[in-house]
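Take a look at the structure below.
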Amino acid sequence: MKIKVIVFLLFLPIYASVAGTKNTIMVTAATGELGQAICEQLAFKGNNLVIAGRNPEKIEALKKSLNSKYKEIQVQSIHIDFSDTKTIEDAAKIVSQNSLKGIVLIGPRPLLSREGIPDKGKWAKVFEETFIAPLEVVRSFQPHLQNNGSIVIISGNSSKNYLPSYPNTNVIRLAWTGEIKNLMHFFGERKIRVNAISPGVILTNHHIERITAKAASNKVTFEEQLAKDTAAIPLKSYGKPDDVGNLVSFLLSTKSDHLNGTNIVLDGGESNAY
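Going by mature numbering (1 follows the signal peptide of the UniProt record, and there is no 0), the letters in the sequence shown line up with residues -19 to -1, 1 to 255, in that order.
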C-alpha cells in the first residue's frame, strides 16, 4: 500500500503539469452566432482564447460571459474591423508572438447584387473586406502562430455548388478555396495545417426568423415549413451552430494531424458535388 501511494505522489506533479498546458486559439468575428458557438466549444475544451470583433461593447460582453462560465481559461479581446486594415495591424502588436496554436478566420458575409454584374466599385469593396482584409489577418498574425498549428477558414457551400440564391458572392468563396491551397504550401514547412469549412444553412437566428416568416406566409407551422425546406437534404435537417463549433474543434486538434488543404462541406449531404 505504501509503494502505491509513493508512486501516485511521484506522478501527480507530472499529470498536473500536462493538464495545466493550454493552447490559445484566436477567433475573428467572434461575436456573431457562429463565432460565439465556436468560442463556447473551444472554451469548453479548455483552450485559452483571443477573441476579435469590430464592436468593442459586444466583444467585451462576450469576454465577460466566457470568463464567468469557464473560469479556468484566459480570454484576451482585440479590436479587428475588416473595413479598416489598420485595426488588424494594431491588434497584431498587442498579441504575443508565437502564442497561438490556431486561428479561426471568420470574415464578413459577402453582399452583392443578385441581378447582373455589380459595378467595379462594389466588387472592389467586397473583395477588400471579405477576402483581402481577412487574408491580412493571416499575414499579420503568422509570427504569432506556433509551428504545428492550425488555421481554419469559415467559407460557405457556394464554394462547392452554384446556388441561384447566392450569385456573384460565390466568386469570393471560390477565391478562398484557391487561397487555402496557397497557404497549405506556404505554411507546410512549419507543419501548420490550413483547412476550410463550407457550411450549408445553419439554424442561426437569421435563418430561424426567415423560416418563421415563410411559415407564416404559407400558413403552416415552423416545423412543417422546416420539413419542406429540408426535404431534399439526405439528413432532412439543417445544421446547428454547435455542429460548426465541433468541426472547428476537431480541425484544430491533434486528431486531424494529417488533414490539410481541405474544404469540408457541412450541409447534411445537400451538395451533390464529388
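Positions of the beta carbon are idealized from the N, C-alpha and C atoms, including for glycine.
Item checked: Short Cβ contact (9 angstroms threshold) for L47 with I54 -> yes
Margin query: In whole angstroms, give me the CA-to-CA distance for Y147 and R95.
Written below: 7 angstroms
Next item on the list: Take S(-3) and list the residues in its own chain whose beta-carbon comes closer than 7 angstroms to its own, dropping the five residues that flank it on each side.
Entry: Here the model assigns S(-3) a pLDDT of 31, short of 50, so the residue's position is not dependable and the matter cannot be decided.
Item checked: Contact check, I214 vs G242, beta carbons under 9 angstroms -> no
Next item on the list: With a 10 Å radius around its C-beta and 16 neighbouring C-beta atoms as the bar for buried, classify P124 as buried or exposed.
Entry: exposed
Notebook entry, point to check: Around the Cβ of V246, are there at least 16 other Cβ atoms within 10 angstroms (buried) or fewer (exposed)?
Noted result: buried
Note to self: Assuming the contact rule is C-beta atoms closer than 8 angstroms, G88 and T111 should be a hit. Round their C-beta distance to whole Å, please.
What the structure shows: 5 angstroms
Check: Taking just the CA atoms, how far does K52 sit from G137?
Finding: 33 angstroms
Notebook entry, point to check: Quick check: the segment 146 to 160 against the segment 217 to 236, are there 3 or more CB pairs under 8 angstroms?
Noted result: no
Checklist line | Same chain, Cβ closer than 7 angstroms to G1, neighbours up to 5 away in sequence not counted | finding: Model confidence at G1 stands at a pLDDT of 46, short of 50, so the residue's coordinates are unreliable; what they give is reported in the following sentence. Correct list: empty, nothing qualifies.
Notebook entry, point to check: Is the beta carbon of I135 less than 9 angstroms from the beta carbon of V85?
Noted result: yes
Check: Given residue 313, which residues of its chain have a CB within under 7 angstroms of its CB, disregarding the five upstream and five downstream residues?
Finding: Any question about residue 313 goes unanswered here, given that the chain covers just -19 to 255.
Notebook entry, point to check: Can you name the start and end residues of the alpha helix (DSSP H) that K50 belongs to?
Noted result: 37 to 50
Item checked: Simplified DSSP state of P180, which is helix, strand or coil -> strand
Notebook entry, point to check: Quick one: what does DSSP say L93 is sitting in, helix, strand or coil?
Noted result: coil
Check: Is the CB-CB distance between N151 and S139 below 9 angstroms?
Finding: yes
Notebook entry, point to check: What are the start and end residues of the beta strand (DSSP E) that includes I59?
Noted result: 56 to 60
Next item on the list: Using the Cα positions of G27 and K3, report the straight-line distance between them to the nearest angstrom.
Entry: 7 angstroms
Note to self: Beta-carbon within less than 7 angstroms of L93's beta-carbon, same chain only, minus the 5 sequence neighbours each way: which residues are those?
What the structure shows: P99, K103, V107, N149, T150
Margin query: Just verifying my parser: in three-state terms, what is the DSSP assignment at L216?
Written below: coil
Note to self: Going by DSSP in three states, G83 sits in which element: helix, strand or coil?
What the structure shows: strand
Next item on the list: Quick one: grab the DSSP three-state call for N199.
Entry: helix
Next item on the list: Classify L164 as helix, strand or coil using the three-state DSSP reduction.
Entry: helix
Notebook entry, point to check: Could you give the distance in angstroms between the alpha-carbon of S58 and the alpha-carbon of V201?
Noted result: 43 angstroms
Next item on the list: Give the DSSP-derived three-state secondary structure of G16 in the structure shown.
Entry: helix
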